[in-house]
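These notes concern the structure reproduced below.
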Amino acid sequence: MRVAVREESHNRAEWQTRRPLPQILVGLLLAVLFLTALVAFSPNVVRRQVVAVIVALGLGVGTAVVLAIPLVDGGSIERTPDGGELRRTKTWIGRGAREVVSVDLGDVRAFEVETRSFADGPVDTFDLGRLWMRDLEGNRISLTDWGELSSVQALGDALARAGRRSLGSGEGEELPPAMV
10 MRVAVREESH NRAEWQTRRP LPQILVGLLL AVLFLTALVA FSPNVVRRQV
60 VAVIVALGLG VGTAVVLAIP LVDGGSIERT PDGGELRRTK TWIGRGAREV
110 VSVDLGDVRA FEVETRSFAD GPVDTFDLGR LWMRDLEGNR ISLTDWGELS
160 SVQALGDALA RAGRRSLGSG EGEELPPAMV
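Sequential numbering from 10 applies to the sequence shown in the working numbering.
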């Protein structure tokens, strides 16, 4: 996933990640239609029951995907003369936007980019990153999910500049349990 910095100024930054939810649902619909067509033209007597099971499973999986995966994940940081605020919101189909993180900027100590290598076959690897916020007590709060390392690093730089906080790496030290 690619994290896009939508707005950046000296005291404000806003980011957004669009999930491939429509593509997932279209793929699921095509799979259900393909399997239904495959079974519907068979000479088997239970083909109607099998078609009903395929359609029911497709609807169930589609509903679970819509409820579990947000369409848009984003947030903003704004530094004002009397403090400021850091927010993260997620927008679901049918439920709308929900604020999942809201922190006063005075409680933010630093931002951290966590990187990890993932295997893509026996020899290929690729690096992904996610951005964390560390508060004054040392707790970490997730600001992004795993995404392209370059876009997560760019977001970390933008948030560090707008919030006038440091940007570090979450590697090499024992990290406390993460909070959403």
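Using N, Cα and C, we set each Cβ at its ideal position, and we do this for glycine too.
Closest Cα partner of residue i within the set the options
{"i": "Val117", "options": "Leu38, Asp129, Ala106, Arg96", "result": "Arg96"}
{"i": "Leu168", "options": "Ala65, Ile86, Val35, Gln25", "result": "Ile86"}
{"i": "Val64", "options": "Val75, Thr45, Ser151", "result": "Thr45"}
{"i": "Gly103", "options": "Arg88, Val75, Pro90, Thr89", "result": "Val75"}
Own chain partners of residue i with C-beta closer than 7 Å, once the 5 adjacent residues on each side are dropped
{"i": "Ser111", "result": "Glu94, Arg96"}
{"i": "Gly67", "result": "Leu37, Val41"}
{"i": "Asp113", "result": "Gly92, Glu94"}
{"i": "Gly115", "result": "Gly92"}
{"i": "Gly71", "result": "Leu34, Leu37"}
{"i": "Ser178", "result": "Glu121, Val122"}
Distance between beta carbons of residue j and residue i, contact taken as under 8 Å
{"i": "Ala119", "j": "Ala22", "result": "In fact, because the Cβ distance is near 15 Å, the residues do not count as touching under 8 Å."}
{"i": "Arg139", "j": "Asp129", "result": "So it is not a contact: roughly 18 Å between Cβ atoms."}
{"i": "Gln25", "j": "Gly83", "result": "4 Å"}
{"i": "Trp141", "j": "Glu123", "result": "6 Å"}
{"i": "Gly156", "j": "Leu137", "result": "6 Å"}
{"i": "Ala49", "j": "Val60", "result": "6 Å"}
Beta-carbon proximity list for residue i, same chain, < 8 Å, skipping 5 on both sides
{"i": "Glu108", "result": "Arg96, Arg97, Thr98"}
{"i": "Arg11", "result": "Thr26, Gly156, Glu157, Ser160"}
{"i": "Thr134", "result": "Ser126, Phe127, Ala128"}
For residue i, the three-state DSSP class (helix, strand or coil)
{"i": "Thr153", "result": "coil"}
{"i": "Val12", "result": "coil"}
{"i": "Asp133", "result": "coil"}
{"i": "Phe127", "result": "strand"}
{"i": "Phe43", "result": "helix"}
{"i": "Gly147", "result": "coil"}
{"i": "Asp82", "result": "strand"}
{"i": "Ser159", "result": "helix"}
{"i": "Asp166", "result": "helix"}
Residue burial classification, residue i (beta-carbon count within 10 angstroms, cutoff 16)
{"i": "Arg143", "result": "buried"}
{"i": "Gly165", "result": "buried"}
{"i": "Glu146", "result": "exposed"}
{"i": "Arg57", "result": "exposed"}
Nonlocal neighbours in the same chain, by C-beta distance under 6 Å from residue i, ignoring five residues either side
{"i": "Glu17", "result": "Ala167"}
{"i": "Leu30", "result": "Ile78, Leu80"}
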